[in-house]
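Engineer: I'd like to ask some things about the structure below.
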Amino acid sequence: ISEATVKTHLNRAMGKLGLASRAQAVVVAYESGLVVPGL
């Protein structure tokens with residue numbers, strides 16, 4: 320898939336989650352337990 324496709328999917332997913340940035344998405348992932356520190 321192209322870079323533009325990835326950006327589109329990321330932007331749509333972040334919009335549905337009400338996130339303004341990728342950094343905010345990382346914070347939400349850690350807080351929700353989706354990502355575990357140190358792995």
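Using the numbering used here, read the sequence shown as starting at 320 and increasing by one per residue. C-beta: ideal position from N, C-alpha, C; glycine also. Remember, it's a predicted structure, so these values are computed and weren't measured experimentally.
1. Determine whether the Cβ of residue 331 lies closer than 8 Å to any Cβ atom of chain D.
2. If you drop the 5 nearest sequence neighbours on each side, which residues of the same chain put their C-beta closer than 8 Å to that of residue 327?
3. For residue 333, I'd like the list of residues in its chain whose CB is within less than 7 Å of its CB, leaving aside the five on either flank, ordered along the chain.
4. Within the same chain, show all residues whose beta-carbon is closer than 8 Å to that of residue 342, passing over the 5 residues directly before and after it, in chain order.
Structural biologist: Let me lay it out:
1. Note that chain D does not occur in the displayed structure, where there is just one protein chain.
2. none
3. Contacts found: 344.
4. none
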